[in-house]
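For the sequence shown, counting from 1, position 298 maps to 294 in the working numbering; every step adds exactly one.
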Amino acid sequence: MGLNEKPLSTLHEKSSFDLADFEVPTGREEGWRFTPLSRLKGLHNGKAEPVGHVRVDVDAAPEVTVETVGRDDARVGKAFVPGDRVSAQAWNSFEKATVITVPREAVTSKHTVLTLTGSGDGAAYGHIVVKVEPLAEAVIVLDHKGSAVYADNIEFVVGDGASLRVVSLQDWENDAVHVSHHHAQLAKDATFRSFVVTLGGDLVRLSPTVTYTAPGGDADMSGVYFADAGQHLEHRLLVDHSQPNCKSNVDYRGALQGERAHAVWIGDVIIRVEAEGTDTYELNRNLILTDGARADSVPNLEILTGEVAGAGHASASGRLDDEHLFYLQARGIPYDEARRLVIRGFLGQLIEKIQIAEIRDRVLGAVEAELAR
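Printed below as a string of structure tokens:
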């Protein structure tokens, strides 16, 4: 069941669109105990002034429909219910939503890029819906940049036999605060692949969740992050298996350097009684490169049926392997270059999974820039 005193299914059972149903976090709650609430700038307690702005620009594949809709659009809010106060605050505060629709059986000819650019003081709230209709295939890139105090919800609705790949880049300026909830809902035989890259921002807290509405769903969630001095980067994942014969795989890796660099990874997987035949695994690994950095990694697995195809989890945090460094130095490679090679290999194994060449090269370049600091 993991390290929580309560079962995962109990911890995640509370959900509501009504902000009043969630108490203001104090930091003692399981879901908030790692997050420095004082650095959220009021996103968690309603004190954030909603005068900021995050612009959404869309470069869409020709097969895709892009719409800006109001809160009353029937497609908005179908795939999720907020599970914490910030998600509920974002739901009750956004004015317009961006809806991306991939029509039935369409295979997009290029990836669709949503660029979210923050500017100005004060908080901003957003909502995005990506709907992939049955048997369609699409690739979506979410590119976050600029300066913002921003909370949002993103819904990924993947229809029967459809396939969606998502790359989410958090490349904010150093003062940004971003709290985001990604909700993926998978229909029968749907495939979902997500890759999260978190590099910028003062505090970034992402909560990706996956749920299934029919058998045969397949989710793969990968991520890399690099925390510098003073940064707080937090990833809280939930995969809720409630349908038989579904799959999930989670693999997140991070590197940390500098005083008070802090990374948090929480991986929750629930296999409910009706989810026979589930095949799931989750892994988190962290490289702590300097003194003063800290990584908290908590994988949790709750299995409520004895009929599973496979279920496991693992977590490891540690320093660079001296034997690896010695091996490279013994062959004439200077220490600094040997160090970069080991870290690049550690993160690069995942980064290579990004199938968009320009995005993959950009992420590799950003990692190189981090290592050069």
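Glycine is no exception: its CB is placed at the ideal position from the N, C-alpha and C atoms.
The alpha helix (DSSP H) with residue i in it runs from where to where?
{"i": "Arg356", "result": "Ala353 to Ala368"}
Which of helix, strand or coil does DSSP assign to residue i?
{"i": "Glu133", "result": "strand"}
{"i": "Val82", "result": "helix"}
{"i": "Phe342", "result": "helix"}
{"i": "Ser5", "result": "helix"}
{"i": "Leu33", "result": "helix"}
{"i": "Ser238", "result": "coil"}
{"i": "Ser89", "result": "helix"}
{"i": "Met(-3)", "result": "Bear in mind that a pLDDT of 43 at Met(-3), under 50, signals an unreliable position, so the model cannot answer this."}
{"i": "Ala334", "result": "helix"}
{"i": "Val145", "result": "strand"}
{"i": "Ile262", "result": "strand"}
{"i": "Ser115", "result": "strand"}
Whole angstroms is fine: what's the gap from residue i's alpha carbon to residue j's?
{"i": "Val47", "j": "Ala172", "result": "15 angstroms"}
{"i": "Asp17", "j": "Gly66", "result": "24 angstroms"}
{"i": "Asn149", "j": "Ala93", "result": "10 angstroms"}
{"i": "Gly371", "j": "Gly344", "result": "There is no way to answer for residue 371, as the model of the chain reaches only from -3 to 369."}
{"i": "Ala271", "j": "Glu169", "result": "42 angstroms"}
{"i": "Val62", "j": "Ala56", "result": "7 angstroms"}
{"i": "Asn245", "j": "Leu234", "result": "11 angstroms"}
{"i": "Gln227", "j": "Arg100", "result": "42 angstroms"}
{"i": "Glu255", "j": "Gly212", "result": "45 angstroms"}
{"i": "Gly116", "j": "Gly197", "result": "15 angstroms"}
{"i": "Arg268", "j": "Asn296", "result": "14 angstroms"}
{"i": "Val260", "j": "Val128", "result": "31 angstroms"}
{"i": "Leu285", "j": "Ser313", "result": "11 angstroms"}
{"i": "Glu151", "j": "Thr274", "result": "23 angstroms"}
{"i": "Thr97", "j": "Val60", "result": "6 angstroms"}
{"i": "Leu252", "j": "Asp167", "result": "16 angstroms"}
{"i": "Phe90", "j": "Leu160", "result": "25 angstroms"}
Residue i: buried (16+ other C-beta within 10 angstroms of its C-beta) or exposed?
{"i": "Asp387", "result": "Beyond the ends of the chain as shown, which are -3 and 369, falls residue 387; an answer cannot be given."}
{"i": "Gln239", "result": "buried"}
{"i": "Lys37", "result": "buried"}
{"i": "Arg369", "result": "exposed"}
{"i": "Asp236", "result": "buried"}
{"i": "Arg249", "result": "buried"}
{"i": "Val363", "result": "buried"}
{"i": "Glu354", "result": "exposed"}
{"i": "Phe370", "result": "The requested residue 370 does not occur in the structure, where the chain is confined to residues -3 to 369."}
{"i": "Glu19", "result": "exposed"}
{"i": "Val265", "result": "buried"}
{"i": "Thr194", "result": "buried"}
Starting from residue i, trace the beta strand (DSSP E) both ways and give me its first and last residue.
{"i": "Gln166", "result": "Ser159 to Gln166"}
{"i": "Phe13", "result": "Element bounds for Phe13: n/a, residue is neither H nor E."}
{"i": "Gln181", "result": "Val173 to Leu182"}
{"i": "Phe188", "result": "Thr187 to Thr194"}
{"i": "Lys243", "result": "Lys243 to Leu252"}
{"i": "Phe222", "result": "Asp214 to Ala223"}
{"i": "Leu199", "result": "Leu199 to Tyr208"}
{"i": "Ile350", "result": "Careful: Ile350 lies outside any beta strand (DSSP E) and carries neither H nor E."}
{"i": "Ser313", "result": "Val304 to Gly314"}
Do the stretch 103 to 120 and the stretch 67 to 76 meet, that is, are 3 or more Cβ pairs less than 8 angstroms apart?
no
Check whether the stretch 296 to 309 and the stretch 329 to 342 touch, using three or more Cβ-Cβ pairs below 8 angstroms as the test.
no
Assess, as a yes-or-no matter, whether the stretch 23 to 33 is touched by the stretch 45 to 61 under the definition of 3 or more beta carbon pairs within less than 8 angstroms.
no
Indicate whether the contact test is met: 3 or more Cβ pairs, each with one atom in the stretch 134 to 143 and one in the stretch 109 to 122, closer than 8 angstroms.
yes
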